[in-house]
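What follows is a single structure, written as structure tokens, with notes after it.
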Amino acid sequence: MAHPAGLLWLSRDLRLGDNPALLAAIADGPLLPVFLVDRMTRAQGAASRWRLARGLAAFDRALKERTGGRGLCILEGEAEEIFPPLMRRLDLGRLHQSDWPTAAMRSAQGRLRAALAAEGRSLILHPGHLLVHPRAVQSGTGGTYKVFTPFARAVERTGPESPAPDAPLRIVAFADPPAGIAPAALDLAPDMRRGRAALERFALPAGETAALARLDAFLDSAASYSENRDRPDIAATSNLSEHLALGEIGPRALWARARMHARLAPAQAAGIGKFLSEVIWREFAWHLLIAFPQMAEACWRPEWEAFPWRKDGPGLEGWKRASTGVALVDAGLREMWVTGRMHNRVRMVVASWLTKHLLTDWRAGLAHFADCLTDWDPAANAMNWQWVAGCGPDAAPYFRIFNPERQAEQFDPEGRYRRRWLAGFAGNPGPEAQAWHDSIPLSWTVPACWRPGPAAALSTGRAAALASLAAFRSQTPED
Ligand SMILES: Cc1cc2nc3c(=O)[nH]c(=O)nc-3n(C[C@H](O)[C@H](O)[C@H](O)COP(=O)(O)OP(=O)(O)OC[C@H]3O[C@@H](n4cnc5c(N)ncnc54)[C@H](O)[C@@H]3O)c2cc1C
Numbered sequence: 001m002a003h004p005a006g007l008l009w010l011s012r013d014l015r016l017g018d019n020p021a022l023l024a025a026i027a028d029g030p031l032l033p034v035f036l037v038d039r040m041t042r043a044q045g046a047a048s049r050w051r052l053a054r055g056l057a058a059f060d061r062a063l064k065e066r067t068g069g070r071g072l073c074i075l076e077g078e079a080e081e082i083f084p085p086l087m088r089r090l091d092l093g094r095l096h097q098s099d100w101p102t103a104a105m106r107s108a109q110g111r112l113r114a115a116l117a118a119e120g121r122s123l124i125l126h127p128g129h130l131l132v133h134p135r136a137v138q139s140g141t142g143g144t145y146k147v148f149t150p151f152a153r154a155v156e157r158t159g160p161e162s163p164a165p166d167a168p169l170r171i172v173a174f175a176d177p178p179a180g181i182a183p184a185a186l187d188l189a190p191d192m193r194r195g196r197a198a199l200e201r202f203a204l205p206a207g208e209t210a211a212l213a214r215l216d217a218f219l220d221s222a223a224s225y226s227e228n229r230d231r232p233d234i235a236a237t238s239n240l241s242e243h244l245a246l247g248e249i250g251p252r253a254l255w256a257r258a259r260m261h262a263r264l265a266p267a268q269a270a271g272i273g274k275f276l277s278e279v280i281w282r283e284f285a286w287h288l289l290i291a292f293p294q295m296a297e298a299c300w301r302p303e304w305e306a307f308p309w310r311k312d313g314p315g316l317e318g319w320k321r322a323s324t325g326v327a328l329v330d331a332g333l334r335e336m337w338v339t340g341r342m343h344n345r346v347r348m349v350v351a352s353w354l355t356k357h358l359l360t361d362w363r364a365g366l367a368h369f370a371d372c373l374t375d376w377d378p379a380a381n382a383m384n385w386q387w388v389a390g391c392g393p394d395a396a397p398y399f400r401i402f403n404p405e406r407q408a409e410q411f412d413p414e415g416r417y418r419r420r421w422l423a424g425f426a427g428n429p430g431p432e433a434q435a436w437h438d439s440i441p442l443s444w445t446v447p448a449c450w451r452p453g454p455a456a457a458l459s460t461g462r463a464a465a466l467a468s469l470a471a472f473r474s475q476t477p478e479d
């Protein structure tokens, strides 16, 4: 079979640097880069679909600069419907793709491979989404590490793979691509109503150039990261998670750039080291998801399926509406609704309140996060929810119940973060607080002024969680 075009199926690799699949497609012939609006895309939450469309538009612009005007080809349909006839028509033997190892992608790839095999055509997967191949870091017993610290040590020992070279400055594009949807006109979240204006207002720039600029700016000030990364009232973290989730920057290139920066600027080195250990948490989540593809649906420790979590009810509804009466929890949920982001420390507190104090199934929280986060990542979201709930492989022990008041005193000591998000908390709220009121569904009847709930909820919720655990343990011996 001839290769008159280099066919590339893009998914979460919207970048020109460290993209081996893109390089392989370019080597095959004039580039034909395709993104599919398929069932997987439509099943994503609204905010992450909205962010994906911005990422696609940014990648399209970057591509056009290199090709002299030809960008992404966006088609609607499933891989097994679109690619076989396209490859037949163009007489192509190979389709290249960066590996994005989720269960849904694996089954889409399986259906596509079955359709292609009969005609002697193939789908070729390339690395780049992870720092290291999962087979390169295995525990002593030959499986995936289930505890973070030895996993992180093994990643450091093995060393991340080197990034691939950047794509050439001039890329020859395939001249006759199928007619598709114009990336600038693509609306992947037509179901998003009042929330859209707020997301647009608070959005960070999308795309690879923005990701690299953000990384460099962060690395220049990384010295304070270790000290301040847990403070939601201080902008101390990198905010790179959206870029990493869409592959606007690859972890291998990020790692190499950060290490180089640490060598050149020793004052930042300790902060950069801590930052890279957080990047290994992302890696850990993906290695766990590969080993346990049902991680978003099922408890890693199966005995936890019997835990009597509530599935719905007023507690969950009040939590989703950011109206629990607990300031740090409500502030975090409002931040996520308005910006699509939430500080990591606050994510832990918010998740703990739902799964412990409200004894609600972690999957309900995971689904709400998946709907609202612009950095939604199937592996990080699932691992962290299971970690907080206590049912994951390397979970926080169940008896560790975050006390939101104490967390707030420690990490938002002057109340700046809570004041920014809650009109009525104390003093003048930030414009962010009003943006939340302006963007919530009209059906949510929420008072204009935030009010604290009964102080006793903290201790009664904690006591109820501990009692449930004691009852559960007496019936279900753990491990
Ligand atoms: C319940 C819960 C759900 C979460 N859901 C997601 C999600 O859907 N998508 C997502 O990217 N992160 C998720 N996280 C992890 C973390 O909160 C975010 O990655 C982080 O807040 C992003 O901000 P940053 O880029 O400024 O992080 P930084 O502190 O600058 O960290 C750098 C990078 O390391 C990675 N990282 C940091 N912390 C974690 C972590 N705990 N787990 C995995 N990777 C981490 C991220 O890629 C991040 O961009 C979740 C955490 C919790 C507790």
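Following UniProt numbering, the numbering of the sequence shown begins with 1 at its first residue and continues without gaps. Here a beta-carbon is modelled for each residue, glycine too, at the ideal position from N, C-alpha and C. These figures come from a predicted structure and were not determined experimentally.
{"query": "Contact the segment 348-366 vs the segment 320-334: 3+ CB pairs below 8 Å", "result": "yes"}
{"query": "Alpha carbon of residue 54 to alpha carbon of residue 190, nearest angstrom", "result": "14 Å"}
{"query": "Ligand 1 heavy atom lying under 7 Å from the CB of residue 485", "result": "Coverage of the chain is limited to positions 1 through 479, which leaves residue 485 absent and any answer about it impossible."}
{"query": "Exposure label - residue 129; buried when at least 16 CB within 10 Å", "result": "buried"}
{"query": "Buried/exposed call for residue 133, threshold 16 Cβ in 10 Å", "result": "exposed"}
{"query": "Start and end residues, alpha helix (DSSP H) containing residue 23", "result": "20-28"}
{"query": "Nearest residue (CA-CA) to residue 370, options 340, 86 and 261", "result": "340"}
{"query": "Residue 257 Cβ short of 7 Å to ligand 1 heavy atom set", "result": "no"}
{"query": "Environment of residue 248 [buried if 16+ CB atoms lie within 10 Å]", "result": "buried"}
{"query": "For residue 212 and residue 185, the rounded distance between their alpha carbons", "result": "25 Å"}
{"query": "Start and end residues, alpha helix (DSSP H) containing residue 316", "result": "314-320"}
{"query": "Straight-line gap, residue 482 to residue 30 (C-alpha atoms, nearest Å)", "result": "Only positions 1 to 479 of the chain appear in the structure, and residue 482 is not among them; the question remains open."}
{"query": "Classification of residue 27 by the beta-carbon crowding that lies within 10 angstroms, buried from 16 upward", "result": "exposed"}
{"query": "Cβ-based burial, residue 109 [other Cβ within 10 Å; buried from 16]", "result": "buried"}
{"query": "Supposed contact pair residue 310 and residue 359 - C-beta distance, whole angstroms, cut 8 Å", "result": "6 Å"}
{"query": "Straight-line gap, residue 173 to residue 88 (C-alpha atoms, nearest Å)", "result": "19 Å"}
{"query": "Beta-carbon spacing of residue 231, residue 411 below 8 Å", "result": "yes"}
{"query": "Inter-residue spacing [alpha-carbon to alpha-carbon] between residue 32 and residue 5", "result": "6 Å"}
{"query": "Coarse secondary structure for residue 73, derived from DSSP in three states", "result": "strand"}
{"query": "Contact between the segment 33-46 and the segment 68-85 (3+ Cβ pairs under 8 Å)", "result": "yes"}
{"query": "Whether residue 66 touches residue 169 by CB criterion (8 Å)", "result": "yes"}
{"query": "Cβ-heavy atom distance, residue 329 to ligand 1, below 7 Å", "result": "no"}
{"query": "Residues that residue 120 bridges to, as DSSP identifies them", "result": "The partner list for residue 120 (beta bridge, DSSP) is empty, contrary to what the question assumes."}
{"query": "Short Cβ contact (8 Å threshold) for residue 482 with residue 122", "result": "It is not possible to answer for residue 482, since the shown part of the chain is limited to 1 through 479."}
{"query": "CB of residue 7 within 8 Å of CB of residue 63, strictly", "result": "no"}
{"query": "Residue burial classification, residue 447 (beta-carbon count within 10 angstroms, cutoff 16)", "result": "exposed"}
{"query": "Residue 258 (DSSP reduced to helix, strand or coil)", "result": "helix"}
{"query": "Which of helix, strand or coil DSSP assigns to residue 160", "result": "coil"}
{"query": "Where the alpha helix (DSSP H) through residue 221 begins and ends", "result": "Note, residue 221: premise wrong, no alpha helix (DSSP H); not H, not E."}
{"query": "Residue 98: first and last residue of the uninterrupted beta strand (DSSP E) it sits in", "result": "94-98"}
{"query": "Cross-strand partners of residue 9 (DSSP beta bridge)", "result": "34 and 97"}
{"query": "Check: residue 240 C-beta below 7 Å from any heavy atom of ligand 1", "result": "yes"}
{"query": "heavy atom of ligand 1 below 7 Å from residue 51 C-beta", "result": "no"}
{"query": "C-alpha distance - residue 294 paired with residue 68, whole-angstrom precision", "result": "43 Å"}
{"query": "Residue 228 beta carbon near ligand 1 (any heavy atom closer than 7 Å)", "result": "no"}
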